[in-house]
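Its first residue numbered 835, the sequence shown is counted upward by one per residue in my numbering.
The next block holds one structure in the form of structure tokens; read it before the comments.
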Amino acid sequence: MSYNPKFGPAAQTPEQRAWVLEQMQRILPALKKASPSIQQLYARYVAGELSWSQVSQARAAEPVAENCSR
């Protein structure tokens with residue numbers, strides 16, 4: 835496996851990225867309360883299509899009403 839600088843050293847494989855996402859959701863429960871479009875971004879992060887920075891930028895750009903779904 836070659837190192838991808840797009841991800842941290844502990845997030846090089848899909849399994850590692852899934853674990854990282856689980857840990858972030860434990861620490862920041864608001865990450866669990868995500869709209870379907872944000873959940874798709876999480877899946878793309880785990881698959882290695884997006885970096886966490888790209889996910890964060892997309893979350894910030896999402897309309898507030900959808901971002902705060904209850």
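Just so it is clear, CB atoms sit at the ideal spot from N, CA and C, and this is done for glycine as well.
| Check | Outcome |
| --- | --- |
| Helix, strand or coil: which one does DSSP assign to residue 884? | coil |
| Does DSSP put residue 879 in a helix, in a strand, or in coil? | helix |
| Where do the ends of the alpha helix (DSSP H) carrying residue 896 lie? | Neither: residue 896 is in no alpha helix (DSSP H) and is coded neither H nor E. |
| Straight-line CA distance for residue 874 to residue 844? | 22 Å |
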